[in-house]
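Engineer: Have a look at the structure that comes next, please.
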Amino acid sequence: MKNHSLASKVCDDFPILKREIYGFPLAYLDNAATTQKPQCVIDSLLRFYEKYNSNVSRGVYTLAEEATEIYESGRESVAKFISAQSSRNIVFTRGTTESINLVASSWAQHKLKTGDRILVTEMEHHSNLVPWQLIAQETGAELVYCPIHLKAGSNGVGLLELEELEVLITDSVKLLAVTAVSNVLGTINPIAKIVEIAHNRGVPVMVDAAQAVARMQIDVTSWDCDFLAFSGHKVYGPTGIGVLYAKKDRLDEMLPSQGGGGMVSQVGRQASTWADAPQKFEAGTPPVAEVSGLVTALEYVLEVGMPQIQKHEKELTNYTLIKFRDFADLELYGPMKITDRIGVLSFNLQNVHPHDVAQVLDEGGIAVRAGHHCTQILHKQLGVLASVRISFGIYNDVSEIDRLFSALDRAREIFLD
Amino acid sequence: MNTKTIFRDLLLDHARSPRNSGYLDHPDLQASAYNPLCGDELELALELSGEIIQDCRTQVRGCTICIASASMMSEFILKKTLSEVIISSKEFSESLRKDTENISEIMETFRPLISLKLHRSRIKCMRLAWDALEDCAEQFQT
């Protein structure tokens, strides 16, 4: 029985949490990788195929009209969830990665030229680095990295060096790509402030909100970012569905990167004209069932309540940070101040490889991530090849953190003298 | 055998004092292997006499399983021919398949590793040195 109020309230909603791993109840602490799905989301996928399945925006019959309604009203729900100006600003994609790649190929590719710069940060996930590298190689632009405070013991360890960011935003910078929350350090970046700095120099901003979406209120209108991307599966929704938010002006600047049905207006033998955004960027049959699942997930999150989710995550994170202080052999990366971070904590147990740690944890039923978490640049800066990462969801509670620390004792027993 | 026994009694000795560790001054073949999942890196160097592996060295930055596997492999392949050890490499892969129940006599040496095969994410750690060995064999053939 979970002893935390929110966890005990919601854990029965998630059927997978009834699983046992090696005879232990599953303690799922890999929510930064993907979140588990509540029954209502699973039901919503089933319901779509059982009652509404048909193609969207194409048929003149009841089923097709209902499916289209599900899909297009899904756009409105998403717009509302992130406080976008209109549902026209919402493009459905397969996930954060595809959303960022869409901006890279549809916008950056024709906007950038030799000598231009794309400003990124050292804490970016590969999905917010590699698409820009591909574009840089094609256009002759280059990537510039905003550094992170990493000196142990110094104030603000794990935070972006904002003074340096201001220095790096020169006239040649044509885009700033930054994550709202680090998937390794747990750092919360001050997006509104960063956007303001960038816009003062006329630089558009792309925000990776993959880790933020399930952990904080996203408000694209007050953040004023130009682009924002997130995935459904990291906010208790299905895989295979993601969102790109873009300001209208930016959507108008974007060229389609995929051609096909649904994205065209008139098709001639040699050339065609495009549908308006967002359909212009959604060639082919879209993921309708997944949109239905995503909308259900967002409704579920709103019902649980973002303030309650944040309070719960803060409690778990605080509890863990205090526990970490008791062990000199645990090196935690990222901010120690609770206001600077979310419940994503990466660490190493001295002299034990993260993979070895993770295997021992798994044998105690505890699912964590071990590796570089798609941040090789950051891990190089941290001076380690890999780390162990725990990341909380709404169903986790302190007893699972206690189990984690007991399992770390077992790892010490096995691997250390 | 539980994990603690496997690691403490069988693998940690190899991981802490890997056999044939280091570099060769004049290797006939060398290859590196990389595990993108965790960033583990391995280098393998072989000295040949004809097709026989006269000497070998591995240099590993990796987990217990990766280092121990490379160490065990390095002992196993010495004085054997490249063709022989490539057959063993295939046998090792076969032993690591989820549905393989029996392992051949020659693979007995690797039983401690093979007994961890249900941790499917560790297969790449076990295979890293062997992947480098197969790379060396391919270079030899071409």
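Protein sequences, first through last, are from chains P and D.
Our numbering applies: residue 631 is where the first sequence begins, and numbers increase by one.
Our numbering applies: residue 24 is where the second sequence begins, and numbers increase by one.
Using N, Cα and C, we set each Cβ at its ideal position, and we do this for glycine too.
Consider the Cβ of G653/P: report whether some Cβ of chain D lies at a distance smaller than 8 Å.
Structural biologist: Residue 653/P sits at position 23 when you count from the first residue of the first sequence. No, because no Cβ of chain D sits closer than 8 Å to the Cβ of G653/P.
Engineer: Under the DSSP definition of a beta bridge, which residues are partnered with I651/P?
Structural biologist: Counted from its first residue, the first sequence places residue 651/P at position 21. DSSP, once it has assigned bridges, lists F654/P as partnering I651/P.
Engineer: Return the Cβ separation of V931/P and Y875/P in integer angstroms, given the expectation that the two are a contact with Cβ distance under 8 Å.
Structural biologist: Numbered from its first residue, the first sequence carries residue 931/P at position 301. Numbered from its first residue, the first sequence carries residue 875/P at position 245. Going by Cβ atoms, the distance from V931/P to Y875/P rounds to 17 Å, so no, they are not a contact pair.
Engineer: Under a CB-based cut-off of 8 Å, is A1016/P close to chain D?
Structural biologist: Your numbering for residue 1016/P matches position 386 in the first sequence. Yes, its Cβ sits closer than 8 Å to a Cβ of chain D.
Engineer: Can you grab the Cα-Cα spacing for the pair M631/P / S638/P, in whole Å?
Structural biologist: Against the first sequence, residue 631/P aligns to sequence position 1. Against the first sequence, residue 638/P aligns to sequence position 8. The pLDDT assigned to M631/P is 47, lower than 50, so where the model puts this residue is not dependable, and the model offers no usable value.
Engineer: Tell me whether E70/D sits in a helix, a strand or coil according to DSSP, three-state version.
Structural biologist: Locating residue 70/D in the second sequence gives position 47, where the first residue counts as 1. Residue state, collapsed to three classes: strand.
Engineer: Which partner residues does A1000/P have in the DSSP bridge list?
Structural biologist: Within the first sequence, the letter at position 370 stands for residue 1000/P. Answer by DSSP bridge pairing, in chain order: V1018/P.
Engineer: What are the boundary residues of the beta strand (DSSP E) that Q763/P is part of?
Structural biologist: Locating residue 763/P in the first sequence gives position 133, where the first residue counts as 1. Taken as a continuous stretch (DSSP letters only), Q763/P belongs to no beta strand (DSSP E), being part of the alpha helix (DSSP H) at 760 to 769.
Engineer: Output, in chain order, the set of chain P residues within a Cβ distance shorter than 9 Å of L119/D.
Structural biologist: One-based indexing of the second sequence puts residue 119/D at position 96. Those do not exist, as L119/D stays about 15 Å from chain P at its closest Cβ, beyond 9 Å.
Engineer: Which complete beta strand (DSSP E) runs does the region 801 to 886 of chain P hold, if anything under 3 residues is left out?
Structural biologist: As far as the region 801 to 886 of chain P is concerned, its whole beta strand (DSSP E) runs of at least 3 residues are 803 to 809, 835 to 838, 857 to 861, 872 to 876.
Engineer: Where do the N-terminal and C-terminal ends of the beta strand (DSSP E) with Y585/P fall, by residue?
Structural biologist: Since the displayed chain P opens at 631 and closes at 1047, residue 585/P lies outside it and no answer follows.
Engineer: Between M884/P and the rest of its own chain, which residues show a CB-CB distance below 6 Å, the 5 nearest in sequence each way excluded?
Structural biologist: On the first sequence, residue 884/P is found 254 positions in, with the first residue counted as 1. Correct list, in chain order: S736, W737.
Engineer: Against chain D, with Cβ distances strictly below 8 Å, would V990/P count as a contact?
Structural biologist: Counting from 1 along the first sequence, the entry for residue 990/P is found at position 360. Yes, V990/P counts as interfacial toward chain D.
Engineer: Is it true that the CB of L34/D sits closer than 8 Å to the CB of A93/D?
Structural biologist: The sequence position of residue 93/D within the second sequence is 70, counting from 1. The sequence position of residue 34/D within the second sequence is 11, counting from 1. Result no, Cβ atoms of A93/D and L34/D do not sit closer than 8 Å.
Engineer: Taking the alpha helix (DSSP H) that R747/P falls in, what are its first and last residues?
Structural biologist: The residue you call residue 747/P lines up with position 117 of the first sequence. No alpha helix (DSSP H) holds R747/P; the beta strand (DSSP E) holding it covers 747 to 751.
Engineer: Here's a check: name, in chain order, each residue in its chain whose Cβ is nearer than 7 Å to the Cβ of K648/P, leaving out the five neighbours to either side.
Structural biologist: Numbered from 1 along the first sequence, position 18 holds the residue referred to as residue 648/P. Taken in chain order, the list of residues that qualify is empty.
Engineer: In whole angstroms, what separates the C-alpha of T165/D from that of L71/D?
Structural biologist: Position 142 of the second sequence, counting from 1, holds the residue named residue 165/D. Position 48 of the second sequence, counting from 1, holds the residue named residue 71/D. If you take the alpha carbons of T165/D and L71/D, they lie about 15 Å apart.
Engineer: Relative to the C-alpha of E943/P, which candidate in M846/P, D882/P, V873/P has its C-alpha closest?
Structural biologist: As a first step, residue 943/P must be located in the first sequence, where it is residue number 313. For the residues M846/P, D882/P, V873/P, the minimum Cα distance to E943/P belongs to M846/P.
Engineer: Whose Cβ in chain D lies nearer than 8 Å to the Cβ of Q1006/P?
Structural biologist: The sequence position of residue 1006/P within the first sequence is 376, counting from 1. The contacting residues are G62.
Engineer: What are the start and end residues of the alpha helix (DSSP H) that includes V987/P?
Structural biologist: Translated into the one-based positions of the first sequence, residue 987/P becomes position 357. Unbroken alpha helix (DSSP H) run through V987/P: 984 to 992.
Engineer: Can the beta-carbon of G892/P be found closer than 8 Å to that of A907/P?
Structural biologist: Position 262 of the first sequence, counting from 1, holds the residue named residue 892/P. Position 277 of the first sequence, counting from 1, holds the residue named residue 907/P. No, Cβ-Cβ distance for G892/P and A907/P is not below 8 Å.
Engineer: Checking 8 Å against the spacing of the C-beta atoms, do G725/P and S861/P come in under that value?
Structural biologist: In the first sequence, the residue the question calls residue 725/P occupies position 95. In the first sequence, the residue the question calls residue 861/P occupies position 231. Yes. Within cutoff.
Engineer: For Y775/P and V833/P, I'd like the C-alpha separation in whole angstroms.
Structural biologist: Here residue 775/P refers to the residue found at position 145 when the first sequence is read from its first residue. Here residue 833/P refers to the residue found at position 203 when the first sequence is read from its first residue. One C-alpha to the other measures close to 15 Å.
Engineer: Quick check: is the beta carbon of C7/D nearer than 8 Å to any beta carbon in chain P?
Structural biologist: Past the boundaries of the shown model lies residue 7/D; chain D is included only from 24 to 165, so the question cannot be answered.
Engineer: Closest by CA to V982/P, which one among L975/P, V974/P, L991/P?
Structural biologist: Here residue 982/P refers to the residue found at position 352 of the first sequence. Of the listed residues, the one whose Cα sits closest to V982/P is L991/P.
Engineer: Would you kindly report the start and end of the unbroken alpha helix (DSSP H) that includes V640/P?
Structural biologist: Reading the first sequence from its first residue, position 10 is the one you call residue 640/P. Looking at the DSSP string, the run of the alpha helix (DSSP H) that includes V640/P is 635 to 640.
Engineer: By the DSSP assignment, the alpha helix (DSSP H) with N948/P in it spans what residues?
Structural biologist: Translated into the one-based positions of the first sequence, residue 948/P becomes position 318. First-last of the alpha helix (DSSP H) with N948/P: 936 to 954.
Engineer: Across the region 103 to 117 of chain D and the region 58 to 65 of chain D, are there enough close Cβ pairs to call them in contact, namely three or more that are closer than 8 Å?
Structural biologist: Counting Cβ pairs under 8 Å, fewer than three are found: no touch.
Engineer: With H, G and I counted as helix, E and B as strand and the rest as coil, what does DSSP make of Y682/P?
Structural biologist: Along the first sequence, read from residue 1 onward, the residue named residue 682/P stands at position 52. If DSSP states are grouped into helix, strand and coil, Y682/P belongs with the helices.
Engineer: At the level of alpha carbons, what is the spacing between R718/P and L1038/P?
Structural biologist: Within the first sequence, the letter at position 88 stands for residue 718/P. Within the first sequence, the letter at position 408 stands for residue 1038/P. Looking at the two C-alpha atoms, the distance is approximately 49 Å.
Engineer: Pick from S895/P, G653/P, D642/P: whose alpha carbon is nearest that of G995/P?
Structural biologist: In the first sequence, counting from the first residue as 1, residue 995/P sits at position 365. Answer by Cα proximity: G653/P.
Engineer: What's the gap between the Cα of A1016/P and the Cα of R84/D?
Structural biologist: The count along the first sequence starts at 1 and reaches residue 1016/P at position 386. The count along the second sequence starts at 1 and reaches residue 84/D at position 61. Approximately 11 Å between the Cα atoms of the pair.
Engineer: Which one or two residues does DSSP pair with Q170/D in a beta bridge?
Structural biologist: With chain D covering only 24 through 165, there is no way to say anything about residue 170/D.
Engineer: Measuring straight from C-alpha to C-alpha, what distance separates D959/P and Y658/P?
Structural biologist: Position 329 of the first sequence holds residue 959/P. Position 28 of the first sequence holds residue 658/P. In a straight line, the C-alpha of D959/P is about 24 Å away from that of Y658/P.
Engineer: State yes or no: is the beta carbon of H985/P nearer than 8 Å to at least one beta carbon in chain D?
Structural biologist: Position 355 of the first sequence, counted from the start, is the residue given in the question as residue 985/P. It does; some Cβ of chain D falls within 8 Å.
Engineer: Would you say I76/D and L69/D are within 8 Å of each other, going by their C-beta atoms?
Structural biologist: To locate residue 76/D, count along the second sequence from 1; it is residue 53. To locate residue 69/D, count along the second sequence from 1; it is residue 46. Cβ distance < 8 Å, so I76/D and L69/D count as in contact.
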